[in-house]
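> Could you have a look at this structure, given as structure tokens, before my questions?
Numbering (this note's numbering), first residue to last: 884 to 1032.
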């Protein structure tokens, strides 16, 4: 028996998200069709010129813009950035950061610092619990009839 396996398909918006590009900037053929898993893999493995250009120059989707600026997506919204930005626009913001960007970067740094602190605290609790467990094992009396040493 042979199975006729069909390739998984996805909407163009999903494929664009997986590729890290802004859908309205992609070619019409990409926007109007469906993308199979194998087509997506081929685009990732050997990107065509349009994809290389979009990844390099933009416009970039908000998650990419946020990552390049070192802020959260919500921070972009608080700063009034709701549209896709090109690499040149992102570089201009980095070169002369407005007050909102400086504030959002500071906020993001604090969030990361707090996350690291909480992670370290959790790891310390786990180490302490392991040590206590090991100490309890070490304190258990040996069975009668066995000699230590």
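Even for Gly, the Cβ is constructed at its ideal location relative to N, Cα and C. All values derive from a computational prediction rather than experimental measurement.
Tell me the rounded alpha-carbon separation between residue 935 and residue 973.
Each residue's alpha carbon lies about 18 Å from the other.
> Which runs of the beta strand (DSSP E) at least 3 residues long sit entirely within the segment 905 to 974? Give them in chain order.
For the segment 905 to 974, not a single whole beta strand (DSSP E) run of length 3 or above is found.
> How far does the alpha helix (DSSP H) with residue 1021 in it reach, from first residue to last?
Residues 982 to 1022.
> Taking the alpha helix (DSSP H) that residue 889 falls in, what are its first and last residues?
From DSSP, residue 889 is part of no alpha helix (DSSP H); its letter is neither H nor E.
> Report all residues from its chain with a CB closer than 8 Å to the CB of residue 948; omit the five preceding and five following residues, and keep chain order.
Here the set comprises 959, 964, 967, 968 and 973.
> Pairs of beta-carbons, one from the segment 891 to 902 and one from the segment 918 to 928, closer than 8 Å: are there three or more?
Segments in contact, yes.
> Below 9 Å between beta carbons: does that hold for residue 828 and residue 906?
Because residue 828 is not part of the residues shown, which for the chain are 884 to 1032, the question remains open.
> Could you pull the start and end residues of the alpha helix (DSSP H) that residue 894 belongs to?
Premise fails: residue 894 is in no alpha helix (DSSP H) and is neither H nor E.
> So residue 970 packs on residue 941, CB below 8 Å; how close in whole Å?
Residue 970 to residue 941, Cβ: 5 Å. Contact.
> Quick one: Cα of residue 837 to Cα of residue 897, how far?
This structure cannot speak to residue 837, because the chain is shown only from 884 to 1032.
> Below 8 Å CB to CB, which residues in the same chain sit around residue 994 once its five sequence neighbours on both sides are set aside?
Excluding positions up to five away in sequence, the list reads 955.
> Can you tell me which of 922, 929 and 933 puts its alpha carbon nearest to the alpha carbon of residue 911?
Per the Cα distances, 933.
> Can you find the residues in the same chain that come closer than 7 Å, C-beta to C-beta, to residue 1005, ignoring five residues on each side of it along the sequence?
For residue 1005, where only same-chain residues beyond five positions count, there are no Cβ hits under 7 Å.
> Excluding five sequence neighbours on each side, which residues of the same chain lie with their C-beta closer than 7 Å to the C-beta of residue 1001?
Result list for residue 1001: empty, nothing under 7 Å.
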